[in-house]
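Participant: So the sequences go chain by chain: Z and A. In terms of this note's numbering, the first sequence opens at residue 1 and continues consecutively. In terms of this note's numbering, the second sequence opens at residue 370 and continues consecutively. Glycine included, each C-beta is placed from N, C-alpha and C at the ideal position. What follows is a single structure, and I will ask about it in a moment.
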Amino acid sequence: MLASSKEYENMEDTAQDVGDLVVQLQSVSRHYGETVAVANVSLDARRGELVCLLGPSGCGKTTTLRMVAGFVEPTSGTISINSINMTHQPPYRRDTGMVFQSYALFPHMTVAENIAFGLENLKWPRAERESRVKEMLKLVELSHLAQRVPSQLSGGQQQRIALARALAMRPAVLLLDEPFSNLDAQLRVRMREELREVIRGVNVTTLFVTHDQEEALTMSDRIVVMNSGQVEQVGTPGEIYEAPATPFVAKFIGWCSLLQGTVGADGTFASIAGLRLAGKWGVGPGTAVIRPEQIKLATDGAAGQSLSARVVQSHYYGAATRLVLDVDGERLTMQERFPFGRHPTHGDLLSITINTNEIRILPSTPAKS
Amino acid sequence: MLTQYAPATVKDRYVREPLLRHRIVTAALLLAPMVLLLVGFMVVPVLQLLRSSFLPSSHLLDGTGFSLVQYVRFFSDPYYSSVLLETFVDGLIVSLICLVLGFPMGYSLARLPPLARRWRTIIVIMPLTLSLVVIVFGWLIILGRNGLLNSVLTSLYIVSSPKQLLFTRPAVLVVLVQQFLPFMILSIMSVVTQINPVLEQAAANLRANRFVTFRKVIVPLAVPGILVGFNLVFVLSISAFITPRLIGGSRVAMLGSLIYERMMSELNWPSGAAMAFVLFVSGLGFTAAFNALAASRLIVGGRRYAL
Ligand SMILES: Nc1ncnc2c1ncn2[C@@H]1O[C@H](COP(=O)(O)OP(=O)(O)OP(=O)(O)O)[C@@H](O)[C@H]1O
Ligand SMILES: [Mg+2]
Numbered sequence: 001m002l003a004s005s006k007e008y009e010n011m012e013d014t015a016q017d018v019g020d021l022v023v024q025l026q027s028v029s030r031h032y033g034e035t036v037a038v039a040n041v042s043l044d045a046r047r048g049e050l051v052c053l054l055g056p057s058g059c060g061k062t063t064t065l066r067m068v069a070g071f072v073e074p075t076s077g078t079i080s081i082n083s084i085n086m087t088h089q090p091p092y093r094r095d096t097g098m099v100f101q102s103y104a105l106f107p108h109m110t111v112a113e114n115i116a117f118g119l120e121n122l123k124w125p126r127a128e129r130e131s132r133v134k135e136m137l138k139l140v141e142l143s144h145l146a147q148r149v150p151s152q153l154s155g156g157q158q159q160r161i162a163l164a165r166a167l168a169m170r171p172a173v174l175l176l177d178e179p180f181s182n183l184d185a186q187l188r189v190r191m192r193e194e195l196r197e198v199i200r201g202v203n204v205t206t207l208f209v210t211h212d213q214e215e216a217l218t219m220s221d222r223i224v225v226m227n228s229g230q231v232e233q234v235g236t237p238g239e240i241y242e243a244p245a246t247p248f249v250a251k252f253i254g255w256c257s258l259l260q261g262t263v264g265a266d267g268t269f270a271s272i273a274g275l276r277l278a279g280k281w282g283v284g285p286g287t288a289v290i291r292p293e294q295i296k297l298a299t300d301g302a303a304g305q306s307l308s309a310r311v312v313q314s315h316y317y318g319a320a321t322r323l324v325l326d327v328d329g330e331r332l333t334m335q336e337r338f339p340f341g342r343h344p345t346h347g348d349l350l351s352i353t354i355n356t357n358e359i360r361i362l363p364s365t366p367a368k369s
Numbered sequence: 370m371l372t373q374y375a376p377a378t379v380k381d382r383y384v385r386e387p388l389l390r391h392r393i394v395t396a397a398l399l400l401a402p403m404v405l406l407l408v409g410f411m412v413v414p415v416l417q418l419l420r421s422s423f424l425p426s427s428h429l430l431d432g433t434g435f436s437l438v439q440y441v442r443f444f445s446d447p448y449y450s451s452v453l454l455e456t457f458v459d460g461l462i463v464s465l466i467c468l469v470l471g472f473p474m475g476y477s478l479a480r481l482p483p484l485a486r487r488w489r490t491i492i493v494i495m496p497l498t499l500s501l502v503v504i505v506f507g508w509l510i511i512l513g514r515n516g517l518l519n520s521v522l523t524s525l526y527i528v529s530s531p532k533q534l535l536f537t538r539p540a541v542l543v544v545l546v547q548q549f550l551p552f553m554i555l556s557i558m559s560v561v562t563q564i565n566p567v568l569e570q571a572a573a574n575l576r577a578n579r580f581v582t583f584r585k586v587i588v589p590l591a592v593p594g595i596l597v598g599f600n601l602v603f604v605l606s607i608s609a610f611i612t613p614r615l616i617g618g619s620r621v622a623m624l625g626s627l628i629y630e631r632m633m634s635e636l637n638w639p640s641g642a643a644m645a646f647v648l649f650v651s652g653l654g655f656t657a658a659f660n661a662l663a664a665s666r667l668i669v670g671g672r673r674y675a676l
């Protein structure tokens, strides 16, 4: 490209900011009649980044992803891929590769033909097409299945072929809509690890939709938490988990207990029902976020700070038991491993301590990030 | 037809034996009335017709003996062979036109939400509920020398004087297309509803524009429906006799109307029966060959695609 050296420098400067943004959504909304599926969502993904859209059912994750792919047109806002405005371009002009929830492999084509389909449409020469198909099959370790048709594949195999098919075209962005929802629990964890490895290997920018917080935490570089069409918080898994910006995020990630209340002049939090937590928080009304792991069974030495708790629900998870406790009229969730045969049941009384040092209090009018 | 798995093991079959017997009995009971009806009112008359086509005389009543003379007469007269050929060509043309017109229609119906699809489907089926005679007389009014089409054409000065539209081959083809189009539309519709629309989205995501998606995804997956529709329309067209007789008159010969004339006007049943069987067997052979060809087309690169 011809450009004067000064302009070139400028371009390089901005390349850090804009050129690296592979996907960019600016104030994107989508309405279905009265329903607002997606409201004013802005997000971006940098080169090679794995960004996850996380949220409960119906919060607009799929709609957002489909707008990036071009299957749904935004009511307002702009969508850019590689800094080119793609808002009104049809799907086949967009540099995306999508793995559908149902995989959507072509039933009348072999695995190899499925993978070659995109390359044919991109007019790759035959020899390159064939070597790329081989390469992709090797990547997903299914070279021996090249001549099968999709109906002869297992769910996990179909998914890997769908991934290979999407990646074969070397898309600027890979789009995944709940790619593990059709797999059983064990396969899901294995595929998750495999998928992450493959994505890292080819270093493709990825937008990933899930409602499973564990999936989001383990796989993503950044998480976009959505709630009823809006972005609640954007951050790394660590930020989202450790420093939730809103009560919704706190509740959605990691079984937190939320207590409404106020922080008094001495920095002590008092919940509406009357539970008091000693600390040094800022004065004013707020929501205390208490994680299960911040509640421990009281040891003998800590008798002074211990609270009495009654077990309301007890859920056995094997490695741990999740308890819902009634403490001074508030419901708190804790997680603990109990010795075999000593699991608390409904109505039991326990003595607990709360590690107040790590508890966050969110101001009542949460500042949106 | 192209099964890929043999799911039932011997053990399976052993375990399911009583259930299987029960199923067979139920199936037999359910089928019995239909089978009786078909045997009594179709198989027996057809066999009688077959018998009469081997009679030497030209009358059914004094029918004794066994001879191939009716068939020899048919095949030795080039007129009949050319009518047979013409009938097949007409059948193919009608099926093709129905396919071209019916595919977009069937496809768009299949992609509508069920409620919207329902009343549109009723409109498509409506002509089938009318008596064929009523439809044909309707066409006579439209296509006649002083009919609707001619008066429109002359009043718009597109033609200077009324044209001969009735009793021409194109008129027969148009009316046949109108009659049989619903069968094609319904066949296409039913197969396209089986094609998951997400496959079209997947194709679009894989850089296929609408035309490529149509050619490489929709048509191959719709082949079973296309074949069903094509066969239906073809068979209905080559055996049509009211339309060619009333719209085509004596100038347009299709085998169906020839058979009708031979039997009903000349009362020469043995000769008509022989012609009917020639049409029956050649039609069957033709569609079988056509389907075999279409199926072999789908076995590409050693891969089988289950129909
Ligand atoms: N075609 C449509 N017509 C009308 N409303 C729609 C349509 N598609 C989505 N919606 C609505 O938009 C909202 C968001 O839907 P979306 O599919 O994006 O949710 P989601 O976050 O993917 O949920 P899930 O986790 O259940 O898949 C929902 O309330 C849904 O009912
Ligand atoms: Mg969804």
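What residue from Z:Leu323, Z:Arg331, Z:Glu193 has the CA that sits closest to Z:Thr345's CA?
Facilitator: Of Z:Leu323, Z:Arg331, Z:Glu193, the residue nearest in Cα terms is Z:Leu323.
Participant: Which word fits A:Asp446, buried or exposed, when buried means at least 16 other C-beta atoms lie within 10 angstroms of its C-beta?
Facilitator: A:Asp446 comes out exposed.
Participant: I believe Z:Leu54 touches Z:Ile272 by the beta-carbon criterion, under 8 Å. Please report the beta-carbon distance rounded to the nearest angstrom.
Facilitator: The Cβ separation is near 29 Å, so there is no contact.
Participant: Please list the residues of the region 564 to 585 of chain A that have a C-beta atom closer than 8 Å to any C-beta atom in chain Z, keeping them in chain order.
Facilitator: Per Cβ criterion, the list reads Asn565, Val567, Leu568, Gln570, Ala571, Ala572, Ala573, Asn574, Leu575, Arg576, Ala577, Asn578, Val581, Lys585.
Participant: What I want to know is whether the C-beta of Z:Thr64 ends up closer than 6 Å to one or more non-hydrogen atoms of ligand 2.
Facilitator: No, the beta carbon of Z:Thr64 sits no closer than 6 Å to any heavy atom of ligand 2.
Participant: Using 10 angstroms around the beta-carbon of Z:Leu350, count the other beta-carbons present and answer buried if the total reaches 16, otherwise exposed.
Facilitator: With 16 or more other Cβ atoms within 10 Å, it is buried.
Participant: For A:Leu590, would you say it is in contact with chain Z, using Cβ-to-Cβ distances shorter than 7 Å as the test?
Facilitator: Yes, A:Leu590 counts as interfacial toward chain Z.
Participant: Hey, Z:Gly286 and Z:Pro171 are a contact pair by Cβ (cut 8 Å); roughly how many whole angstroms apart?
Facilitator: Contact flag wrong, Cβ pair sits at about 44 Å.
Participant: Comparing the C-beta of Z:Met98 with each C-beta of chain A, is any distance below 7 Å?
Facilitator: Answer yes: the Cβ-Cβ gap between Z:Met98 and chain A drops below 7 Å somewhere.
Participant: Consult DSSP for Z:Asn85 and reduce its assignment to one of helix, strand or coil.
Facilitator: Three-state result, Z:Asn85: strand.
Participant: Does any residue of chain A bring its CB to less than 7 Å from the CB of Z:Leu167?
Facilitator: So, not an interface residue.
Participant: Check each candidate in A:Leu453, A:Leu416, A:Phe472 and name the one with the smallest Cα separation from A:Ser608.
Facilitator: The option with the nearest alpha carbon to A:Ser608 is A:Leu453.
Participant: Could you work out which residue in Z:Asp300, Z:Gly282, Z:Ser80 is closest to Z:Asp173 when comparing CA atoms only?
Facilitator: It should be noted that the sequence gives Val, not Asp, for residue 173 of chain Z. When only C-alpha atoms are compared, the closest one is Z:Ser80.
Participant: Would DSSP call Z:Pro91 helix, strand or coil?
Facilitator: Residue state, collapsed to three classes: helix.
Participant: Kindly identify the DSSP beta-bridge partner or partners of A:Phe659.
Facilitator: Paired residue(s): none; A:Phe659 is not in a bridge.
Participant: Is there at least one non-hydrogen atom of ligand 1 closer than 6 Å to the beta-carbon of Z:Thr371?
Facilitator: With chain Z covering only 1 through 369, there is no way to say anything about residue 371 of chain Z.
Participant: Taking C-alpha atoms, which residue in Z:Gly254, Z:Arg132, Z:Arg342 lies nearest to Z:Glu113?
Facilitator: Of the listed residues, the one whose Cα sits closest to Z:Glu113 is Z:Arg132.
Participant: I need the DSSP call for A:Tyr526, collapsed to helix, strand or coil.
Facilitator: Note: A:Tyr526 maps to coil in three-state DSSP.
Participant: Report the option in Z:Val38, Z:Asn85, Z:Gly155 whose CA atom is closest to the CA atom of Z:Leu65.
Facilitator: Of the listed residues, the one whose Cα sits closest to Z:Leu65 is Z:Val38.
Participant: For a contact meaning CB atoms closer than 9 Å, what does Z:Tyr92 contact in chain A?
Facilitator: Those are Ala572, Ala573, Asn574, Leu575, Arg576, Ala577, Asn578, Arg579, Val581, Thr582, listed as they occur along chain A.
Participant: Could you work out which residues of chain A lie near Z:Arg88, taking near to mean beta carbons separated by less than 8 Å?
Facilitator: It is His, not Arg, that sits at residue 88 of chain Z in the sequence shown. Going along chain A, no residue has its Cβ under 8 Å from Z:His88, so there is no contact; the nearest lies around 15 Å.
Participant: Quick one: what's got a C-beta closer than 7 Å to Z:Gly229's C-beta in the same chain, skipping five residues either side?
Facilitator: Cβ within range, chain order: Val36, Ala37, Val38, Ala39, Cys59, Gly60.
Participant: Keeping to the same chain, check which residues put their C-beta closer than 8 Å to that of Z:Ala265; ignore five residues upstream and five downstream.
Facilitator: Cβ within range, chain order: Val283.
Participant: Measure from the C-beta of Z:Leu2 to each C-beta in chain A and report whether the shortest distance is under 7 Å.
Facilitator: Interpretation of Z:Leu2 is limited by its pLDDT of 38, a score under 50 that renders its predicted location unreliable; the figure taken from the coordinates is listed afterwards. So, not an interface residue.
Participant: What are the start and end residues of the beta strand (DSSP E) that includes Z:Pro150?
Facilitator: Neither: Z:Pro150 is in no beta strand (DSSP E) and is coded neither H nor E.
Participant: Excluding the 5 residues preceding and the 5 following Z:Thr333 in the sequence, name in chain order all residues of the same chain whose CB lies nearer than 6 Å to its CB.
Facilitator: The answer, listed in chain order, is Trp255, Ser257, Pro292, Val324.
Participant: What residue range is occupied by the uninterrupted alpha helix (DSSP H) comprising Z:Val283?
Facilitator: First-last for Z:Val283: undefined, no H or E at that position.
Participant: Starting from Z:Phe117, find everything on chain A with Cβ-Cβ shorter than 7 Å and list it in chain order.
Facilitator: What Z:Phe117 touches in chain A: Leu575.
Participant: Name, please, each residue of chain A whose Cβ falls closer than 7 Å to the Cβ of Z:Leu65.
Facilitator: Result: empty, since nearest Cβ-Cβ is about 11 Å, beyond 7 Å.
Participant: Between A:Pro639 and A:Ser626, how many whole angstroms is the CB-CB distance? I'm expecting something under 8 Å.
Facilitator: With 8 Å as the limit, A:Pro639 and A:Ser626 do not qualify as a contact, their Cβ atoms being about 19 Å apart.
Participant: Against chain A, does Z:Ala146 count as a neighbour if the rule is that its beta carbon must be under 7 Å from one of theirs?
Facilitator: False, the Cβ-Cβ gap to chain A never drops below 7 Å.
Participant: Please tell me whether, using a cut-off of 6 Å, the distance from the CB of Z:Ser57 to the nearest non-hydrogen atom of ligand 1 is below it.
Facilitator: Yes - ligand 1 has a heavy atom lying nearer than 6 Å to the Cβ of Z:Ser57.
Participant: So, helix, strand or coil for Z:Leu142, using DSSP?
Facilitator: Here Z:Leu142 sits in coil by DSSP.
Participant: Nearest-angstrom Cα distance between A:Pro539 and A:Val621?
Facilitator: Cα-Cα distance, rounded: 10 Å.
Participant: Less than 6 Å between the CB of Z:Ala37 and some heavy atom of ligand 1, yes or no?
Facilitator: Yes, since a heavy atom of ligand 1 falls inside the 6 Å radius drawn around the Cβ of Z:Ala37.
Participant: For A:Ala645, count neighbouring Cβ atoms within 10 angstroms of its own Cβ and tell me buried if that reaches 16, exposed if not.
Facilitator: Burial call: buried.
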